[in-house]
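Residue 21 in our numbering sits at position 41 of the sequence shown; the count goes up by one each step and never skips.
Data first, discussion second: the structure below is written as structure tokens.
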Amino acid sequence: MTGGEAGRAVDFALTGRTALVTGAAGGLGRAFAVALAGAGADIVLTDLPGVDLEPTRTAVEATGRTARAMPFDLADTAGLAGFVDEVRAAAGPLHILVNNAGTAALERFNEISVASWRRVLTVNLDAVFFLSQRVAEHQIADRVAGRIIAVTSKNAHVAEAGLAHYNASKAGVDLLVQSLAVELAPHGITVNAVAPGMVETPIDGEFPLDREPFEAAYRERIPLGRYAAPDECAGAVVFLAAPAASYVTGTRIVVDGGVLADQMPRMRHMPPYRTSL
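In structure tokens form, the structure reads like this:
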């Protein structure tokens, strides 16, 4: 496969680069860490103190790359600059940041307390900004053509009932990505988002829902007819982190099985497909 100037080969290799992945203990975070390592990057893993990062560390090291676990509570926004400084001192220049950590709660809008609103916005939006801010400062100082990637959601673009705070936080990150992309472009740093749809992860596992009928109905709503496996979202992250995406900034890749493309789920009510061959 060739592209670019004079048939130059498209480069997805991350050898010699170091990535910091937040929310790395499981689900999407683990998938992103392992995929980046598979492309050649060394990984710094972070999640809440007390959360077990060892399975992710083992999976990363199985690719032949190094993994360093450095737990931190991202809700401590005042401590984020110091945390990034510690990561830089321990792991060297940070070429890639994947802002994956997030939280959610299923609550009707009139039930959302100030504490719940602040918790969701602090982790999902504030931490993304202040972590990106400090990482970018190090990338500029280190003269690194960095990659900052934020994991948003289809909820950044279309609302979902019971998630007003989550929807607002993800929409905020989407515009934040564009803002940072513009300001960091002169330094050769790209900033982009990956917006997953429904993924087989535990983030909504404790939502107070009638789960079986809800999930059956939601799968019918997805054109591809199923939730994504975490590793099906990882290719977008690897692409945005790679030299191949050097001219991609200020945008998002939606990985949602076609949900946002389908304003009216009428396919199940239409006659069966008939080939014209």
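The C-beta atom is built at its ideal place from N, Cα and C for all residues, glycine as well.
Original post:
How long is the line joining the alpha carbons of residue 253 and residue 237, rounded to whole angstroms?
Top reply: 19 Å
**OP:** For residue -18, count neighbouring C-beta atoms within 10 Å of its own C-beta (all shown protein chains included) and say buried if the count is 16 or more, exposed if not.
**Re:** Unreliable positioning characterises residue -18 in this predicted model, as indicated by a pLDDT of 43, which lies under 50. The coordinate reading is nonetheless provided below. The residue in question, residue -18, is exposed, as its Cβ has fewer than 16 Cβ neighbours within 10 Å.
Original post:
Is DSSP giving residue 120 helix, strand or coil here?
Top reply: helix
Subject >> Residue burial classification, residue 112 (beta-carbon count within 10 angstroms, cutoff 16) >> reply: buried
Subject >> Segments assigned beta strand (DSSP E), at least 3 residues, entirely inside the segment 213 to 255 >> reply: 232 to 235
Original post:
CB-CB under 7 Å to residue 234, same chain, minus the five flanking residues each way: which ones, in chain order?
Top reply: In chain order, 134, 175, 240 place their CB closer than 7 Å to the CB of residue 234, counting only its own chain and leaving out the 5 sequence neighbours on each side.
Original post:
Secondary structure at residue -18, three-state DSSP: helix, strand or coil?
Top reply: Residue placement at residue -18 is poorly supported in this model, since its pLDDT is 43, which falls under 50; the coordinates are not used for a value here.
**OP:** Return the first residue and the last residue of the alpha helix (DSSP H) that residue 206 is part of.
**Re:** The continuous stretches of alpha helix (DSSP H) do not include residue 206, and DSSP gives it neither H nor E.
Subject >> Neighbourhood of residue 104 by C-beta distance below 6 Å, restricted to the same chain and skipping five residues each side >> reply: The residues are 82, 149.
Subject >> alpha helix (DSSP H) runs contained entirely in the segment 14 to 56, provided each spans 4 or more residues >> reply: 34 to 41
**OP:** With a 10 Å radius around its C-beta and 16 neighbouring C-beta atoms as the bar for buried, classify residue 247 as buried or exposed.
**Re:** Residue 247 sits exposed, since fewer than 16 C-beta atoms from the chains shown fall within 10 Å of its C-beta.
Original post:
Can we say the segment 87 to 95 touches the segment 125 to 139, given the rule of at least three CB pairs closer than 8 Å?
Top reply: no
**OP:** State the Cα-Cα distance for the pair residue 9 and residue 52, rounded to the nearest angstrom.
**Re:** 15 Å
Original post:
Could you give the distance in angstroms between the alpha-carbon of residue 159 and the alpha-carbon of residue 251?
Top reply: 46 Å
Original post:
Between residue 78 and residue 131, which are expected to be in contact by the criterion C-beta below 8 Å, what is the C-beta distance as a whole number of angstroms?
Top reply: 7 Å
Original post:
Between 11, 69, 15, 80, which lies nearest to residue 27 when the distance is taken from Cα to Cα?
Top reply: 80
Subject >> Residue interval of the alpha helix (DSSP H) (run including residue 60) >> reply: 60 to 71
**OP:** Kindly identify the DSSP beta-bridge partner or partners of residue 2.
**Re:** 26
Subject >> alpha helix (DSSP H) segment containing residue 160, residue limits >> reply: In this chain, the alpha helix (DSSP H) harbouring residue 160 covers 144 to 164.
Subject >> Span separating the alpha-carbon of residue 154 from that of residue 173 >> reply: 7 Å
Subject >> Contact check, residue 1 vs residue 25, beta carbons under 7 Å >> reply: Yes. Within cutoff.
Subject >> Within 7 Å, strictly: CB atoms of residue 73 and residue 122 >> reply: yes
Subject >> Where residue 140 falls: helix, strand or coil (DSSP) >> reply: coil
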